[in-house]
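K.L.:
Heads up: the sequence shown begins at 1 in the working numbering, then just goes up one per residue. All residues carry an ideal CB built from backbone N, CA and C; glycine is no exception.
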Amino acid sequence: MTDPSTILPSLRPDSKDPAVVLRDVFGHGSFKGLQEDVVRHVTQGGDAVVLFPTGAGKSLCFQIPALCRPGVGIVVSPLIALMRDQVEA
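#1: Going by DSSP, what residue range makes up the alpha helix (DSSP H) through Ile74?
#2: Go through its chain and collect everything with a Cβ distance to Gln35's Cβ below 7 Å, but skip five positions before and after it.
#3: Use the C-beta contact count for Pro13: other C-beta atoms within 10 angstroms, 16 or more gives buried, fewer gives exposed.
#4: Which stretch, first to last residue, makes up the alpha helix (DSSP H) that contains His28?
#5: Suppose you measure from the CA of Gly33 to the CA of Glu88; what does that come to, to the nearest Å?
#6: Drop a sphere of 10 angstroms on the beta-carbon of Leu79, count the other beta-carbons inside from all chains shown, and report buried for 16 or more, exposed for fewer.
#7: Using the rule of at least 16 other Cβ atoms within 10 Å of the residue's Cβ for burial, across every protein chain shown, is Val75 buried or exposed?
Right under this line is the structure:
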């Protein structure tokens with residue numbers, strides 16, 4: 001298995017700050033909408049269920065905390081159920 005530290009950009013010591021990770025890893029100058037609230041909550045150890053529209057930045061809500069915290073992040077994405085619901089609608 002590949003060590004993730006060998007494929008991720010080199011993170012500075014202060015990179016536990018979500019805003020630093022947003023800028024240095026993802027190249028964005030600021031969060032949009034409620035992203036920052038969700039990211040900070042999850043980074044501090046909270047759980048979240050995020051229901052944002054397409055393009056609102058849901059992915060960063062789990063990607064940034066995964067980079068800021070030790071351990072493994074678990075993401076549940078009901079993609080097949082969502083596709084089925086859209087077809088049946």
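P.N.:
Let's see:
#1: Position 74 of the sequence shown, counting from 1, holds the residue named residue 74. It is not in any alpha helix (DSSP H) - Ile74 carries neither H nor E in the DSSP assignment.
#2: Here residue 35 corresponds to residue number 35 of the sequence shown, with the count starting at 1. For Gln35, where only same-chain residues beyond five positions count, the Cβ hits under 7 Å are Gly57, Leu60 and Cys61.
#3: As a first step, residue 13 is located in the sequence shown; it is residue number 13 there, counting from the start. Reliability of the predicted coordinates at Pro13 is poor, the pLDDT of 49 falling under 50, and no value is obtained from them.
#4: Sequence index remark: in the sequence shown, residue 28 carries index 28 (1-based). Segment: none, His28 is in no alpha helix (DSSP H) and carries neither H nor E.
#5: For this step, residue 33 is matched to residue 33 along the sequence shown. For this step, residue 88 is matched to residue 88 along the sequence shown. About 30 Å.
#6: Residue mapping note: residue 79 aligns to position 79 of the sequence shown, counting from 1. Per the 10 Å Cβ criterion, exposed.
#7: Counting from 1 along the sequence shown, the entry for residue 75 is found at position 75. Per the 10 Å Cβ criterion, exposed.
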